[in-house]
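Just so we're on the same page, the working numbering is the position in the sequence shown counted from 1, plus 313.
Just so you know, even glycine gets a beta-carbon here, dropped at the ideal spot from N, CA and C.
Nothing here was measured: the structure is a model prediction, and the numbers come from that model.
Contents: one structure, followed by commentary.
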Amino acid sequence: MVEITLRYRGFDLDANFLMIKQTEIKELWWYRYVFYIHVCTAIFALPAGFTQFSTYLLNTYPRVHRAIGYLYVLIVLIFAAPSGLFIGSVANGGLISIIAFELLGLGWFYFTWRAVRLAGQRKFNKHRDFMIRSFALTCSALTLRFWKVALVYLFQPNPMDVYQIIAWLGWIPNLLLAEFIIYQKNHKL
């Protein structure tokens with residue numbers, strides 16, 4: 314993900330993915346700014362989120378856990394999820410992809426917001442469940458790219474068909490896995 318993000322370090326309007334988004338760049342004044350907000354902030358949600366599931370960090374350095382947690386929440390709620398909703402509204406692949414990316418953005422925002430509320434109410438078990446859901450959606454950045462490579466390699470589908478498929482595969486399996494982990498944790502299986 315760092316390598317992919319670094320491709321955009323020059324803020325060029327024709328770098329990588331943006332080469333196929335030239336219509337949006339020309340017709341939507343906001344697209345370039347929102348796209349770069351998303352790219353430049355969402356990358357930090359991954360390492361911040363990974364640290365939050367360390368019981369060692371939580372038990373030994375609770376202030377560090379909270380500080381990184383606040384960083385994760387700030388990134389997701391203020392920058393990454395809202396910008397993802399904006400760029401998702403003009404996703405490649407048409408309405409099927411747009412619906413998938415909008416649901417992803419809404420779910421990411423809601424699960425993160427709900428986790429914060431539960432932590433404030435000191436309901437830490439439920440807080441953890443919602444953070445697992447939130448981070449599962451954060452990891453959609455990774456799984457979406459995995460599925461794109463796998464589907465293109467195996468089936469060579471039409472590019473717009475790929476977007477329609479990976480828009481859903483990027484996050485639904487993650488969320489199902491999160492629900493399994495939550496169920497397992499809450500039922501001590």
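Looking only at its chain, what residues have a beta carbon closer than 7 Å to the beta carbon of residue i, apart from the 5 residues adjacent to it on each side?
| i | result |
| --- | --- |
| V386 | T425, V429 |
| V475 | K461, L464, V465 |
| G420 | L450 |
| L371 | H378 |
| I494 | I445 |
| E337 | Y344, V403 |
| S347 | At residue 347 the sequence reads Val, which differs from the Ser that was named. S396, F399, I400. |
DSSP three-state call for residue i: helix, strand or coil?
| i | result |
| --- | --- |
| A328 | coil |
| K439 | helix |
| F422 | helix |
| K339 | helix |
| S453 | helix |
| F263 | Since the first residue of the chain shown is 314 and the last is 502, residue 263 is not available in this structure. |
| S447 | helix |
| K501 | coil |
| W460 | helix |
| V403 | coil |
| W521 | Any question about residue 521 goes unanswered here, given that the chain covers just 314 to 502. |
| N471 | coil |
| Y466 | helix |
| R427 | helix |
| R376 | helix |
In terms of alpha-carbon separation, which member of the options lies closest to residue i?
| i | options | result |
| --- | --- | --- |
| F324 | L341, E340, H351 | H351 |
| L326 | Y344, V315, R435 | Y344 |
| S447 | F468, Y369, L488, K339 | L488 |
| M444 | R376, I381, N471, P395 | I381 |
| K498 | D442, L417, G401 | D442 |
| G397 | N471, S453, Q469 | S453 |
| V315 | E337, C353, N471 | C353 |
| I485 | Y374, L416, G433 | L416 |
| A355 | G418, P470, W342, K339 | G418 |
| Y349 | E340, Y369, P395 | P395 |
By Cβ distance, which residues of its chain are closer than 6 Å to residue i, with the 5 residues on each side in sequence left out?
| i | result |
| --- | --- |
| Q477 | G406, I409, S410 |
| K439 | L431 |
| A491 | I445, R446, A449 |
Once you ignore the five residues that flank residue i on each side, which residues in its own chain have a CB closer than 8 Å to its CB?
| i | result |
| --- | --- |
| L467 | none |
| I479 | L457, W460, K461, L464 |
Would you call the region 409-419 and the region 458-471 in contact, with 3 or more CB pairs under 8 Å?
no
On the three-pair Cβ rule with 8 Å, is the region 397-406 touching the region 330-350?
yes
Do three or more CB pairs link the region 388-404 to the region 351-369 at distances below 8 Å?
yes
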